[in-house]
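Visitor: In our numbering, the protein residues as written are 1297 to 1511.
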DNA sequence: CGGCTGATGATCT
DNA sequence: GATCATCAGCCGG
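1) With a cut-off of 8 Å, do at least 3 Cβ pairs link the region 1369-1384 to the region 1411-1425?
2) DSSP beta-bridge partners for residue 1403?
3) In three-state terms, what does DSSP make of residue 1378?
4) Mark residue 1459 as exposed unless 16 or more other C-beta atoms lie within 10 angstroms of its C-beta, in which case mark it buried.
5) Provide the residue(s) that pair with residue 1488 in DSSP beta bridges, ordered along the chain.
6) Looking at residue 1342: is its Cβ nearer than 8 Å to the Cβ of residue 1418?
7) Sorted by chain position, which residues of the same chain lie with C-beta nearer than 6 Å to residue 1297's C-beta, five sequence neighbours on each side aside?
8) Do you know how far the Cα of residue 1481 is from the Cα of residue 1359?
9) When the distance is taken between beta carbons, is residue 1332 closer than 8 Å to residue 1461?
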C-alpha cells in the first residue's frame, strides 16, 4: 500500500525458522523490518509487515533486563525467536522478540505494522476505521494482532498460531533513529524503520533529516 | 501534523 | 511511592 504495492497475498505465509534469525540483537532488529507477523485466530488470519523495531541490548540501561531476571521479563531470557510480552503503563501489551541465547536478556520490540490481511478484524479489535492507526505503536500493534499476556514466552518460530513469516515483496531502505519513550541510554540509535513508510510511529522529527539517515 | 496532557495499573524499590 | 519501551483526545497552525 505504501512503498511496495502488494500483489496478491499468499494463501499461506512462509514461516521463518529460528536458524534464519540473526544471532545479534541489532542485526535481528534490522532483519525483522519487512518481515511479516501473522496470527491465525479463530475468527481471522491477521498479518502485517513489520515496519519499525527497537533493539534492547545486554548492558543497555533502557532494557527491562538491565537489572537481571524478574517475573515480568523472564521471557527476554529465552532463546531467540520467543515472544516477550509485557503490559506497558498498566494497560497496553507490547510484543518483543527475544534475541539471544537462553539465559541472556535481550530483545527486539515490534513497534509498528503495515496491515496486510485481516483489516476488518483489526478495525474491530481497535475500534477504529482509520487503517493508519491500526498498528502504529506497540500497544496498537498488540491490539490489532490480538496479542496479549497469554503469548508471553510463546515461540514465534515454533509452529504456533502466532509467528514470524518471510517478507512479502521487496523491503525498502532501513533508517535508524532514537528509541521512543525512554529516558536512560536514550540517545543510542537503536530504533529501525523502513524509510518513507507511513505506518511508522512517533513524531517525524525523531527520524532526522529528510529521508532519514540511510544505513 | 506537532505538541501537550490526563488516565492508567503493573512492576519494582 | 516512583516509574514507566503508551494512547486518545484536544488544541493550535
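Glycine is no exception: its CB is placed at the ideal position from the N, C-alpha and C atoms.
Guide: According to the data block:
1) Contact between the region 1369-1384 and the region 1411-1425 is absent, with fewer than three C-beta pairs closer than 8 Å.
2) For residue 1403, which the question treats as bridged, DSSP gives the partners 1352 and 1394.
3) Reduced to three states, the DSSP call for residue 1378 is strand.
4) Flag for residue 1459 reads buried.
5) DSSP output for residue 1488 lists 1349 and 1472 as bridge partner(s).
6) Contact flag set, yes.
7) Note that residue 1297 scores 49 on pLDDT, short of 50, meaning its location in the model is unreliable; the coordinates nonetheless yield the value given after this. So no residue of the chain qualifies.
8) If I take the Cα positions, the gap works out to 9 Å.
9) With respect to residue 1332, residue 1461 sits close: the two C-beta atoms are nearer than 8 Å.
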